[in-house]
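Below is one structure, written out as structure tokens, with a few remarks after it.
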Amino acid sequence: MTLRLTNSLTRRTEPFEPLQPGQVSMYCCGVTVYDLCHLGHARSYIAWDVLRRYLLWSGYQVTFVQNYTDIDDKILKRAAEEGSSMELVSERNIDAFVADMAALNILPADRMPRATQSLDAIRELIGELQAKGAAYGADGDVYFAVMKHAGYGKLSGRDLSEQQQNADGRVSGSEEARKHHPFDFALWKGAKPGEPSFPSPWGPGRPGWHIECSAMVRQELGTTIDIHLGGADLIFPHHENEIAQSEAATGQQLARWWLHNGMVNVGGEKMSKSLGNFTTIRALLESGTSAMTLRLFVLQAHYRKPLDFTTEALAAAATGWKGLNAALQLAAQVGSGDWGPATEAQASDLLSEGRLRFSAAMDDDLNTSAALAVLFELAKPLRSLANRSERGDAHAAAEALALHAESQLVLELAGVLGLKPEGESRPGGAAIGGPSEAEIAAAIAERQAAKAAKNYGEADRIRANLLDQGIELIDKPGGLTDWLRG
RNA sequence: GGCGGCAUGGCCAAGUGGUAAGGCAGAGGAUUGCAAAUCCUUUACCCCCAGUUCGAAUCUGGGUGCCGCCUCCA
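Add 1045 to the 1-based position in the first sequence for the working numbering, that's all there is to it.
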């Protein structure tokens, strides 16, 4: 089996093969750091994190580059509102981005270039485009001439002559007046009074949005990369323009594969800053949704399809994760021991089948939904074991031995999806402002006594009292009482 | 208007020619003083119409509905 991926460039799902055998270069369009990331960003970056993890797991050497857009009108606007500076706003949001990604267990990119630190490469690229006649200057701005690039529109399926007509009514404003064609776009923007600016052969100013990606891709990964990633909303104009710039300059293909993720919707509409219907990653995590629940929620749908964000769907994912997490926690316990080769062999057939089904699902354009189904099925026996072993069942402990290999596989496959055991809430977990373990044990003993005396009113009162303090009691067969700190 | 995508049980969501994975919720049972948790069992003919085929959720054509992009956007 080989990995098949849907390439936006060809609109087909094709077998993936990197330019250099065994090595994959990937570039992902990052964020404009004017604000916190929301669930749309989370979805996108989780999807590509899974692609990266899967490639690594499959034995590829992967170089992953993601940029920060730290020069932008919105950053300037934000800085002006705060009486701050572009640098401070950017720094703050880059820090937040790093923290949010780490919280979601998204592997950090190998390199994360910033527009402000890539100006030489940007200016060089603009210069080349101008030398080749693909760009023209106008009042301190420099524009890319889309009509000079034969392939323009190949990614988004646009036809320039038709677009010309459709765009006629929109041509207005000074920038539009300077353009030769409505779809021409700025490579370099001349500085307006009071704006931060950088020197250039065309006068002080700053780079346009699209050019930075072209410059960074070339600088960090070379002329032609294997995979370029981004949200479907970037196909036009951003990615189309990136292709035009890079390919006009180098004469070579920019990226062999273009992968685009579907949008996160709220009530049938795209989640976005402008619509104001967004939830930040931070806010969601702070409201009590765990990072792994969010990952599960995202991964249960295929990455190219729209994903509707609802509290119901999220709650379903939370419950689903609770069960999977229990299995993973046990697996981490069981899988860590050294049990010898004899037990490993016992479950090998079942395991290799699971591994195969998982790979087959992932090979099919990253069918994480199907891959998760495999994971849930593998986790099932572990879950039931987890529940039995808690009451010290000797038989269960013996089974645990036999399931050692299975535990490792479950952890391994979960890891490919970036899912890891989360939050130790069983006895022994750290108390944060709640009753201590000793206090809980005492209360349980008290309730036990009340139950023995058939004083159920008192027993229920103790239980309710603990629940108020965030401690949930679970009676197990055999008279034992377990508890969870929620 | 142009380009692209989607429509599967109460909800989410796989499935791309041979009689529908998985998760959540629900139901029944076991267990329990009760509850929770857990375990077992269980719930669909796939938007509509026509066609291709021995056979279609899966292919073709036509509808209907919804979404994204065409302006900054993951």
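A virtual CB, placed ideally from N, CA and C, is assigned to each residue, including glycine.
Next item on the list: Go ahead and pull the three-state DSSP assignment for Val1076.
Entry: coil
Determine, using beta carbons only, whether Arg1168 and Ser1245 come nearer to each other than 8 Å.
yes
* Asked: What is the residue span of the beta strand (DSSP E) that Leu1279 lies within?
  -> Leu1279 -> no beta strand (DSSP E), and no H or E assigned at all.
Just list the alpha helix (DSSP H) runs in the segment 1137-1202, keeping only unbroken ones of 4 residues or longer that don't cross its boundaries, in chain order.
1164-1176
- request: Measuring alpha carbon to alpha carbon, tell me which of Gly1460, Lys1496, Asp1117 and Leu1100 ends up nearest Gly1067.
  value: Leu1100
Residue of Ser1332, Pro1241 and Ala1361 minimising C-alpha distance to Ser1129
Pro1241
Quick check: the segment 1301-1309 against the segment 1339-1353, are there 3 or more CB pairs under 8 Å?
yes
Local conformation of Asp1532 per DSSP, three classes: Here the chain comprises residues numbered 1046 to 1531, so residue 1532 is not present and cannot be evaluated.
Classify His1194: buried if its beta carbon has 16 or more other beta carbons within 10 angstroms, exposed otherwise. buried
- Item | Rounded separation between Ser1429 and Gln1297 - CA only | 56 Å
- prompt: Rounded to a whole number of angstroms, what is the C-alpha to C-alpha distance between Pro1282 and Tyr1188?
  reply: 14 Å
- Task: Taking Gly1250 and Lys1234 to be in contact with their CB atoms under 8 Å, please state how far apart those CB atoms are, rounded to whole angstroms.
- Result: 5 Å
With contact counted as at least three CB pairs below 8 Å, one residue from each stretch, are the segment 1448-1455 and the segment 1484-1495 in contact? no
With DSSP collapsed to three states, give me the class of Asp1115.
coil
Exercise for review: Within its chain, find whatever has a CB closer than 6 Å to the CB of Ala1092; leave out the 5 residues flanking it on each side and keep chain order.
Suggested key: Asn1306 and Tyr1348
Taking Cβ positions, are Ser1070 and Thr1108 nearer each other than 8 Å? yes
Self-check item: Meets three-Cβ-pair contact criterion under 8 Å: the segment 1270-1287 and the segment 1320-1338
Solution: no
Point to revise | Straight-line Cα distance separating Arg1049 from Ala1294 | key: 30 Å
Original post:
Terminal residues of the continuous beta strand (DSSP E) containing Gly1250?
Top reply: Gly1250 to Pro1252
For the 8 Å Cβ check, are there 3 or more pairs between the segment 1175-1189 and the segment 1262-1271? no
* Asked: Just to confirm, are Asp1094 and Gly1463 a CB contact at a threshold of 8 Å?
  -> yes
Using only the alpha-carbon positions, how far apart do Met1316 and Gly1075 sit? 17 Å
- Name the one or two DSSP bridge partners that Ala1231 has. Tyr1188
State yes or no: is the C-beta of Thr1114 within less than 8 Å of the C-beta of Val1078?
yes
TODO: Answer yes or no: do Tyr1181 and His1225 have a C-beta to C-beta separation smaller than 8 Å?
DONE: yes
Report task. Under the assumption that Phe1228 contacts Leu1205 (Cβ atoms under 8 Å), give the Cβ distance between them as a whole number of angstroms. Result -> 7 Å
Margin query: Using 8 Å as the threshold, is the C-beta distance between Ile1326 and Ala1087 below it?
Written below: yes
I'd like to confirm the pairing. Which residues does DSSP put opposite Phe1243 in its beta bridges? Gly1250
Task: Leu1417 versus Ala1363, Leu1341, Asn1500 and Asp1353, residue with shortest Cα-Cα distance - done: Leu1341
Own chain, CB closer than 6 Å to Thr1338, minus 5 neighbours either side, in chain order: Ala1362, Ala1363 and Trp1366
Rounded to whole angstroms, what is the Cα-Cα separation between Ala1236 and His1284? 25 Å
Measuring alpha carbon to alpha carbon, tell me which residue in Thr1047, Ser1053 and Glu1220 is nearest Phe1061.
Thr1047
| task | Would you mind giving the Cβ-Cβ distance between Ile1507 and Ala1488, rounded to the nearest angstrom? I have them listed as a contact below 8 Å. | result | 6 Å
Quiz prompt | Among Met1261, Leu1133, Gln1290 and Pro1063, the one whose alpha carbon lies nearest that of Ala1176 | solution = Gln1290
- Item | Length of the line joining the Cα atoms of Ser1332 and Arg1530 | 17 Å
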